[in-house]
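Novice:
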Amino acid sequence: DGGITQSPKYLFRKEGQNVTLSCEQNLNHDAMYWYRQDPGQGLRLIYYSQIVNDFQKGDIAEGYSVSREKKESFPLTVTSAQKNPTAFYLCASSSRGHSSGANVLTFGAGSRLTVL
Amino acid sequence: AQTVTQSQPEMSVQEAETVTLSCTYDTSESDYYLFWYKQPPSRQMILVIRQEAYKQQNATENRFSVNFQKAAKSFSLKISDSQLGDAAMYFCAYPPHGSSNTGKLIFGQGTTLQVKP
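Taken in sequence, the protein lines are chains A and B.
Per my numbering, the very first residue in the first sequence carries number 22; after that it's consecutive.
Per my numbering, the very first residue in the second sequence carries number 50; after that it's consecutive.
1) Considering just the uninterrupted stretch of the beta strand (DSSP E) at Val40(A), what are its terminal residues?
2) Please tell me whether Leu134(A) and Ala108(A) are closer than 8 Å, where the distance is taken between their beta carbons.
3) Give me, in chain order, the residues of the same chain whose beta-carbon lies closer than 6 Å to that of Gln158(B); leave out the 5 immediate sequence neighbours on both sides.
4) Is it buried or exposed, Phe33(A), if we count other Cβ atoms within 10 angstroms and call 16 or more buried?
5) Using only alpha-carbon positions, find the residue among Ala130(A), Leu137(A), Asp75(A) and Gly63(A) that is nearest to Phe95(A).
6) Quick check: what's the CA-CA separation for Pro89(B) versus Ser88(A)?
7) Using a beta-carbon distance below 8 Å, is Leu162(B) in contact with chain A?
8) Which complete beta strand (DSSP E) runs does the segment 61 to 147 of chain B hold, if anything under 3 residues is left out?
9) With distance defined between alpha-carbon atoms, name the residue in Leu96(B), Ala120(B), Asn111(B) and Gln51(B) nearest to Tyr103(B).
10) Check for me: the beta strand (DSSP E) holding Val164(B) runs from which residue to which?
11) To the nearest angstrom, how far is it from the Cα of Ser86(A) to the Cα of Leu97(A)?
12) Reducing DSSP to helix, strand and coil, say where Arg34(A) ends up.
13) With 8 Å set as the bound, which would you pick, yes or no: does the beta-carbon of Ser91(B) sit closer than that to a beta-carbon of chain A?
14) Using a Cβ-Cβ cut-off of 8 Å (strictly less than) and excluding sequence neighbours within five positions of Thr52(B), which residues of its own chain qualify?
15) Considering only residues of the same chain and omitting the five flanking positions on each side of His146(B), which have a CB-CB separation below 7 Å?
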C-alpha cells in the first residue's frame, strides 16, 4: 500500500545533540512537508519541498534543516540551535501542479521528539 | 497575518446525534480550497472533506458535510449520526496567500470532539 513512513516513532535527545527524523513516501508525490505540532495547537510548517534538490523555509524553520536528494525522501534534522524542540513532528506529501489534487496532504504517523 | 480560527477548543456530542464544528478564516484570494482534517488518538492526520471556494454547493462526504459561507469566510463542519469512531481532534485548514496550488496549509488550533455513548 502507498503511504508515508516516519521513523522513529519516539525519539529522545539530550540537549546539544542534533537528531534526524526520517520521512519516506511511495506515493510518487512531488511535494513533501514537515509540520510541527505542540499540545493544544495546530500544525505549523517548518520546511517544504516541491521538487528534488529544492526546498523552502516555512513559518518556523529556525533550528531545523532538511534535504531532498531523492523524490521519496525528505529527512528533517533538529539541530542544537532549536531551543524548544520537544514536539510532535508530522511529515506530509502531496501531488504538485494546478490540479485540484495539489492541495490534498497525505500524512505520516508522526514522530514524537522529547528533549531530556 | 492570515489566520484560521476555531473558536471551540472542545465539543461533545451524544452518539447518533449531530454536531457542528465552526471555523473562520481570513484570505484575500478569490479561488482556494478549504479543508477539514481529523486527528484520531493514533495522531495520524486524515482528510475528512474539502471545499472549493468557487463552488457554491456545499461539499458532502457521507455523514460529513460543510456549511460554506464565502462572504462571511466561514467553513463549518457538520457530523451527522455521530459515531464513537468520530472522536478525534478536528482541524480546519486553508492555503496561505499565493499557495493555492501547493500543499502549504495554515491550520486552526483544533477542536477536540468527544462522542458519548
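Glycine included, each C-beta is placed from N, C-alpha and C at the ideal position.
These numbers come from a predicted model, not from an experiment.
Specialist: Quick look at the numbers:
1) Val40 to Gln46
2) yes
3) Gln55
4) exposed
5) Asp75(A)
6) 30 Å
7) no
8) 68 to 70, 82 to 88, 95 to 101, 113 to 118, 123 to 128 and 137 to 143
9) Ala120(B)
10) Thr160 to Lys165
11) 6 Å
12) strand
13) yes
14) Tyr74, Asp75 and Ile155
15) Gln51, Thr76, Ser77 and Glu78
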